[in-house]
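Asks: Which chain is which? The protein sequence lines are Y and W, in order.
For this note's numbering, count along the first sequence from 1 and bump the result up by 4.
For this note's numbering, count along the second sequence from 1 and bump the result up by 7.
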Amino acid sequence: MSTPPDSPSHDPALAVVEDATCLACGCLCDDIALEVSGGRIVEARHACDRGRAWFLADRGPGDWPAATIDGRPAPREEALDRAAELLGRARAPIVLGLTQTTVEAQAAAVALADRLGAVIDPSHAADAAPRLSAIARVGRVSATLGEVRDRADLVVFWGVDPVTTHPRHWERYSVEPRGRFVPEGRAGRTILAAASEYTPTAARADRHLLVPADAQFEVLTALRALINKIELDPERVAAATGVAWDDLLEWAQRLTRARFGAFFFDANLGRARGGAATVEAALMLVRDQNASTRLVAMTLGGPGNPAGAESVLTWQAGYPVGVDYSAGYPRSLAGETAADRLARGEADVALIVADDPITALPQAARDHLLRIPTVLLAPDATATGRRSSVALATATSGIHTAGTVVRTDGVMLPLRPALTTEWPTDRELLRAIDERVRALQVGDRAPAPRPAEVPTS
Amino acid sequence: MSVLKVAGGRVIDPANGVDGVRDLWIADGRVIEPPADPGAKADRTIDARGDVVMPGGVDVHCHIAGPKVNAARALRPEDRRGAEAVRRSAAMRSGTVGSVPTTFATGAKYAGLGYTTAVDAAVPPLGARHAHHELNDTPMIDKAFLVLMGNNHFVMDRVRLGERDRLRGFVAWLLGATRGFGVKVVNPGGIERWKEGHGNVAALDDIVEGFGVSPRQILVELARAVDELGLPHPVHVHGPNLGLPGNAATTLELMRALDGHRAHLAHIQFHSYGGEPGDLKRFDSQAPALADYINNHPNLTVDVGQVLFGETTSMTADGPVGQYLHAVTGRKWLSHDVELETGCGVVPITYEDTNFVHALQWAIGLEWFLRVEDPWRIALSTDHPNGGSFLAYPEIVALLMDRGHRDDTLKRLPRRVRARSGLADLEREYSLAEIAIITRAGPARMLGLGHKGHLGPGADGDVTIYTPDVDKRRMFALPRYVIKAGELIVDGGEVRTAPEGRTLHVAPDFDRGVLPGIRDWFSRSSSIQFANYPVRDDDLAHPAPVSVRGTAEASRTEP
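(1) On the DSSP letters alone, give me the boundaries of the alpha helix (DSSP H) that Pro2 (chain W) sits inside.
(2) Identify the continuous alpha helix (DSSP H) that holds His365 (chain W) and give its terminal residues.
(3) If you drop the 5 nearest sequence neighbours on each side, which residues of the same chain put their C-beta closer than 6 Å to that of Gly196 (chain W)?
(4) How far does the beta strand (DSSP E) with Trp340 (chain W) in it extend, from its first residue to its last?
(5) Would Met147 (chain W) and Ile371 (chain W) qualify as a contact pair, given that the criterion is a beta-carbon distance under 7 Å?
(6) Among W:Leu249, W:Ile39, W:Pro247, which has the Cα closest to the Cα of His458 (chain W)?
(7) Is Met302 (chain Y) close to chain W, meaning its C-beta is less than 7 Å from at least one C-beta of that chain?
(8) If we ignore side chains and look at the alpha-carbon of each, how far apart do Asp7 (chain W) and Trp32 (chain W) end up?
(9) Name, please, each residue of chain W whose Cβ falls closer than 8 Å to the Cβ of Arg141 (chain Y).
(10) Only counting the same chain, and skipping five residues up and downstream in sequence, which positions put a Cβ closer than 8 Å to that of Leu273 (chain Y)?
(11) Measure the C-alpha to C-alpha separation of Arg487 (chain W) and Met302 (chain Y) and round it to an integer number of angstroms.
(12) Can you tell which of Y:Arg144, Y:Gly121, Y:Val327, Y:Ala51 has the C-alpha that lies nearest to the C-alpha of Ser127 (chain Y)?
(13) Which residues in the same chain as Arg200 (chain W) place their Cβ atom closer than 8 Å to its Cβ, once the five residues preceding and following it in sequence are excluded?
(14) Using a Cβ-Cβ cut-off of less than 9 Å, give me the residues of the stretch 90 to 110 of chain W that come near chain Y, in sequence order.
(15) Return helix, strand or coil for His173 (chain Y), following the three-state DSSP convention.
(16) Where do the N-terminal and C-terminal ends of the alpha helix (DSSP H) with Trp427 (chain Y) fall, by residue?
(17) Which residues in chain W have a C-beta closer than 8 Å to the C-beta of Met416 (chain Y)? List them in chain order.
(18) Using the Cα positions of Gly183 (chain Y) and Arg153 (chain Y), report the straight-line distance between them to the nearest angstrom.
(19) Can you give me the Cβ contacts of Lys339 (chain W) inside the same chain, cut-off strictly under 8 Å, excluding the 5 residues immediately before and after it?
(20) What in chain W is Cβ-close to Ser330 (chain Y), meaning under 8 Å?
(21) Would you kindly check if the distance between the Cβ of Val114 (chain Y) and the Cβ of Thr408 (chain Y) is under 7 Å?
(22) Tell me which same chain residues have a C-beta within less than 8 Å of the C-beta of Leu90 (chain Y), skipping the five on either side of it?
(23) Give the secondary structure of Met99 (chain W) by DSSP, where H, G and I count as helix, E and B as strand, and everything else as coil.
(24) With contact counted as at least three CB pairs below 8 Å, one residue from each stretch, are the stretch 88 to 102 of chain W and the stretch 499 to 507 of chain W in contact?
(25) List the residues of chain Y that Gly204 (chain W) touches, going by C-beta distances under 7 Å, in chain order.
(26) Between which residues of its own chain and Asp35 (chain Y) is the CB-CB distance below 6 Å, once the five residues before and five after are set aside?
(27) Which residues in chain Y sit within 7 Å of Asn77 (chain W), going by Cβ to Cβ distance?
(28) In whole angstroms, give me the CA-to-CA distance for Trp255 (chain Y) and Val142 (chain Y).
(29) Taking Val242 (chain W) as the reference, which of W:Val477, W:His461, W:Gly455 has the closest Cα?
(30) Spell out the partners DSSP gives Trp32 (chain W) in its beta bridges.
(31) Let's see if you can read the secondary structure: which residues bound the beta strand (DSSP E) around Glu151 (chain Y)?
(32) Could you name the residues that DSSP lists as bridge partners for Arg3 (chain Y)?
(33) Alpha carbon to alpha carbon, what distance is there between Arg427 (chain W) and Ala462 (chain Y)?
(34) In the DSSP assignment, find the beta strand (DSSP E) that holds Leu227 (chain Y) and state where it starts and stops.
(35) Does Arg80 (chain W) come within less than 7 Å of chain Y when only Cβ atoms are used?
(36) Is Ser388 (chain W) buried or exposed, if buried means 16 or more other CB atoms sit within 10 Å of its CB?
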């Protein structure tokens, strides 16, 4: 049931994969037509420049080995044995990465963390934590992206610049589509952009507002007071927010007069002064407006599958990031991240799945990660220059690997791999390690079977 | 061929008219005729002398998987932090519980109660893939879900245009595409009206703006489509005005509107209130009149949605109900609208025995159980977790079997409850056989699962063995043994092994001529590609298709 290619090629060797999902940014566009020739993706139709670069990147096979132990090439089976030995004997193992792989591999990683009694935390946890804790405090009023496309006559981009970071958001979801209740498309929507500087998104918006990055809590709270018709002192508000009173009034009016508004924000809101409280201010502004009209709060989302990591951890452990299995059941790290554990030296072996958190970590955490044994599963894990005790090369999700990913609005999408590879998937490797750790544990414990049935006499 | 014998127990199998001491034989996961040879040996025998043997429990209406359930988990870390947890064992993954347990904990806790089948009652088609991934991680039970259709744009357009054939084709296609089990209608048209900012519907003949259809039309046309397709389970209905005083009038009208069609009315307790909207002065139980209607109309079945006192989480596709509960309780509110299909509302709620409204809701639920004369027509449910967790089922059994326990509880509730509900006058006490009907035999029959809910030859080898106890709550909270497909899975409350269980679904035939129209509409309207909408084979770990227009399943996939 794929859509037919819109420009069939004359190259007989060319294969076309329709309806492929792009993982280059948080849009997760699933309408990409990939042309494959000579074992390479040679064209990614409908993709933006960013997506095209992702699909057309050189995916090898490089001349790097399938596996390394302490930097030296090793047979894959030996590397798996060594990984299981390191992890199975660890006292405080930690599982990191996880945002650049499939739901299926994420589930296998959580299963392994459960078996190991490990701490598991996706690499975007520090960015996600303020949003997640704000939601857990006040809730959220949100929707899938198709609702915005179908209904929104007002779209607010708050502290985000989708024109730069999410190039097709505008055309696919939020601004240009013609929806059932917005038949005029772009002409039927008012676009507002708020940011600390004049962005390309602001340039294409109907109105923009310069909001000092560290005054976002104050501006959002003032807007919430205005839509709730609470009297404010204009001079004090202008002084506290750094935003002109008339601008605030105009924005509040636009929020209240819209039939259906969509408020897009992202991790930078939680990173601003105030942290979770600033996200809460946005969520409560949106929530309160629903007493009279519709307004939904949405995130732009990150590249790959961070939403999948949150989803899988939530259904398996009950907490979307930061889970500690060391007690034999899931506990929430709540208030700290794996980076904090690392920084304090509270991990003795690390398993890193799919994306390398090393550059995102604070220095102290990074230092500790370099001191302890690590097991790395990633497409380029065995490329030279990596420092891992065990490294295993994997296929790339969405290029070589099928499976599913989760869009930022919770919609789960299938992947349609265009290429084949000799490398196994990270899911297969995780399961192989899991099986080996299980065997080690059984060997250690050798529990006696407990008879339940009475044998037939 | 592995043969298991459950020897010498009191077998209570109402579907086959059995209540007496006998042996039960299971081979290759299914109940078989006892061998004619008196010297026949089983590979294993469970000594059930002195015990009560029933089919595994079947839950016809609960919320255990999918985007809404998972959003509720993320919303409520405080609900499980510091609470009981399921610890990792050699047999079982760990998990957390609270009012919305994690997937592995859900399977373990259901099985621990002697339930071996559970049906999630509300999955948006766009969330079907997600729901299947969660169900794959929900072991020890067979599971299925109902597909939300009552606010679907394509459905409403077909209803307006009177295109019954295309509607029927769409329903069949959508069930197959989602690997769903049945059709769910939640507040037909009301969610769409609310999503677009026009407020909820109040009456069956209100018009949904932008679509020109009424809740009545949507409901009746979907009921007709389900009947014409011969689906095993009739249309499963959550009517308008859930939880509002005075909603019984709408409920009665809805029952009448379904005349001539099969239908299952969900969590009927929440739809049985007298009085006026926004006025609690005349808030009372209308269970007598509604139960009377059910008693006289065999086309309808109900489940109760019993409320129990304590902390829980309300979750519903009925978006406006979420907003209402947020406004009433002031507690945190999660709302997530799903394009073209439905809404979703989640709000924490605490049912307090000192609160007149909550206490009356408790009494109305019990009235329903006691006033519906034929136990085959009413199923035990809490609308988990809405009225309370499924873990409260043993308490409900105790309340139904023991009038003294009921009266003791009623005595500590606000006095007004006795004036607004006739519960105190109801002397009926359920027998064990009646409990077996409302917890397994009846729900299985309502679902059209011919291989579930009984212990005749060919039935699934799902068996629960209870040790009789005057304390019925204790008896039903801790079965001695639970057997799933002929395998001992729970022994004295301990998980012995955690088979993955199967996902039951239907795939009705339909006229392929409807597809181009569906595809055109979808491609114009959705934020994803049409090709990426249907669930794929590899999204289900153990699919088990159930035949349409039949009582037994067509095929079976072994784990």
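Positions of the beta carbon are idealized from the N, C-alpha and C atoms, including for glycine.
These numbers come from a predicted model, not from an experiment.
Replies: According to the structure shown:
(1) Outside the shown range of chain W, which is 8 to 566, sits residue 2 (chain W), and nothing can be said about it.
(2) Working through the second sequence from its first residue, we reach residue 365 (chain W) at position 358. Its alpha helix (DSSP H) spans residues 363 to 378.
(3) Position 189 of the second sequence holds residue 196 (chain W). Cβ within range, chain order: Val208, Val215, Pro222, Ile225.
(4) Indexing the second sequence from 1 puts residue 340 (chain W) at position 333. Here the beta strand (DSSP E) through Trp340 (chain W) covers 340 to 344.
(5) Mapped onto the second sequence, residue 147 (chain W) falls at position 140. Mapped onto the second sequence, residue 371 (chain W) falls at position 364. Against a cut-off of 7 Å, the Cβ pair of Ile371 (chain W) and Met147 (chain W) comes out as no contact.
(6) The count along the second sequence starts at 1 and reaches residue 458 (chain W) at position 451. Answer by Cα proximity: W:Ile39.
(7) Translated into positions along the first sequence, residue 302 (chain Y) becomes position 298. No, Met302 (chain Y) lies away from the interface with chain W (no Cβ there is under 7 Å from its Cβ).
(8) Nothing about residue 7 (chain W) can be reported from this structure: the residues present for chain W run from 8 to 566 only.
(9) Translated into the one-based positions of the first sequence, residue 141 (chain Y) becomes position 137. Going along chain W in sequence order, the residues near Arg141 (chain Y) (Cβ under 8 Å) are Lys339.
(10) Locating residue 273 (chain Y) in the first sequence gives position 269, where the first residue counts as 1. The answer, listed in chain order, is Pro134, Arg135, Trp162, Gly163, Gln220, Thr282, Val283, Ala286.
(11) Locating residue 487 (chain W) in the second sequence gives position 480, counting from the first residue. Locating residue 302 (chain Y) in the first sequence gives position 298, counting from the first residue. Taking the straight line joining both Cα atoms gives about 49 Å.
(12) The residue given as residue 127 (chain Y) occupies position 123 in the first sequence. That would be Y:Val327, whose Cα lies nearest to the Cα of Ser127 (chain Y).
(13) Within the second sequence, numbered from 1, the residue matching residue 200 (chain W) stands at position 193. Once the five neighbours on either side are set aside, the close Cβ partners of Arg200 (chain W) are Gly206, Asn207, Val208, Asp213, Val215, Glu216.
(14) Ala92, Val93, Arg94, Arg95, Ser96, Ala97, Arg100, Ser101, Gly102, Thr103, Val104, Gly105, Val107, Pro108, Thr109, Thr110
(15) One-based indexing of the first sequence puts residue 173 (chain Y) at position 169. Reduced to three states, the DSSP call for His173 (chain Y) is helix.
(16) Against the first sequence, residue 427 (chain Y) aligns to sequence position 423. Segment: none, Trp427 (chain Y) is in no alpha helix (DSSP H) and carries neither H nor E.
(17) Mapped onto the first sequence, residue 416 (chain Y) falls at position 412. Here the neighbours are Gly134, Arg136, His137, His140.
(18) As a position in the first sequence, residue 183 (chain Y) is number 179, starting the count at 1. As a position in the first sequence, residue 153 (chain Y) is number 149, starting the count at 1. Taking the straight line from one Cα to the other gives about 5 Å.
(19) Counting from one through the second sequence, the residue named residue 339 (chain W) turns up at place 332. Result list for Lys339 (chain W): Leu82, His333, Val354, Pro355, in chain order.
(20) As a working note, residue 330 (chain Y) is residue 326 in the first sequence. Chain W residues near Ser330 (chain Y): none, gap ~11 Å exceeds 8 Å.
(21) Against the first sequence, residue 408 (chain Y) aligns to sequence position 404. Against the first sequence, residue 114 (chain Y) aligns to sequence position 110. Cβ distance not < 7 Å, so Thr408 (chain Y) and Val114 (chain Y) don't count as in contact.
(22) As a working note, residue 90 (chain Y) is residue 86 in the first sequence. Excluding sequence neighbours, Leu90 (chain Y) sits near Val353, Pro377, Val379, Ser393, Val394.
(23) In the second sequence, the residue the question calls residue 99 (chain W) occupies position 92. If DSSP states are grouped into helix, strand and coil, Met99 (chain W) belongs with coil.
(24) yes
(25) Walking along the second sequence from the start, residue 204 (chain W) turns up at place 197. Result: Arg263, Phe264, Thr297, Arg298.
(26) For the purposes of this step, residue 35 (chain Y) is taken as residue 31 along the first sequence, with counting starting at 1. Contacts found: His50.
(27) As a working note, residue 77 (chain W) is residue 70 in the second sequence. The answer, in chain order, is Ser315, Thr318, Trp319.
(28) Walking along the first sequence from the start, residue 255 (chain Y) turns up at place 251. Walking along the first sequence from the start, residue 142 (chain Y) turns up at place 138. Spanning the two alpha carbons is a distance of roughly 23 Å.
(29) Here residue 242 (chain W) refers to the residue found at position 235 of the second sequence. Per the Cα distances, W:Gly455.
(30) Within the second sequence, residue 32 (chain W) is the residue found at index 25, counting from 1. W:Lys12, W:Ile39, per the DSSP bridge assignment.
(31) By 1-based counting over the first sequence, the position of residue 151 (chain Y) is 147. Not the beta strand (DSSP E): Glu151 (chain Y) falls in the alpha helix (DSSP H), residues 149 to 155.
(32) Residue 3 (chain Y) is absent from the model: chain Y starts at 5 and stops at 461.
(33) Here chain Y has residues from 5 to 461 only, and residue 462 (chain Y) is not among them.
(34) Translated into the one-based positions of the first sequence, residue 227 (chain Y) becomes position 223. Leu227 (chain Y) -> not in any beta strand (DSSP E); alpha helix (DSSP H) instead, spanning 220 to 231.
(35) Working through the second sequence from its first residue, we reach residue 80 (chain W) at position 73. Yes, contact with chain Y.
(36) Residue 388 (chain W) sits at position 381 when you count from the first residue of the second sequence. Ser388 (chain W) is buried by the Cβ-count criterion.
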